[in-house]
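Student: Handing you this structure, nothing more for now.
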Amino acid sequence: MHESAELVRELEKNIEREKEKAVSYRQENTRRRHNYLPLIIDLMKILAENSALVNSVERAKKMAHERKQAKTVGKS
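The numbering of the sequence shown is full-length UniProt numbering, which starts it at 1 and goes up by one.
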């Protein structure tokens, strides 16, 4: 009797985990279906109008270069 009650609890936990996964999958699928391109383009336009786009790109290039150098130093 004790084993069957334990089995029922285990199965209920499994069911609850599967329900949580289903909710998570639905949220992820919603994000995947959304088209973020218009948002990205608008943000880039705003950054360009405020002269922040060039600065952001240059800063990103510098960070990428520094990261690449740090990797190279770490390998040798």
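Glycine included, every Cβ here is placed at the ideal spot set by N, Cα and C.
1) Express the C-alpha separation of P38 and M44 in angstroms, rounding to a whole number.
2) Once DSSP output is grouped into helix, strand and coil, what is the label at A52?
3) Near residue 83, what residues of its chain come up, given a Cβ to Cβ distance below 7 Å and the 5 sequence neighbours on each side ignored?
4) Between the alpha carbons of S56 and T72, how many angstroms are there, rounded?
Tutor: Per the coordinate set shown:
1) Rounded to the nearest whole angstrom, the C-alpha separation of M44 and P38 is 10 Å.
2) Coil at A52, not helix or strand.
3) Examination of residue 83 is not possible in this model, given that the chain is present from 1 through 76 alone.
4) Going from the Cα of S56 to the Cα of T72 covers about 24 Å.
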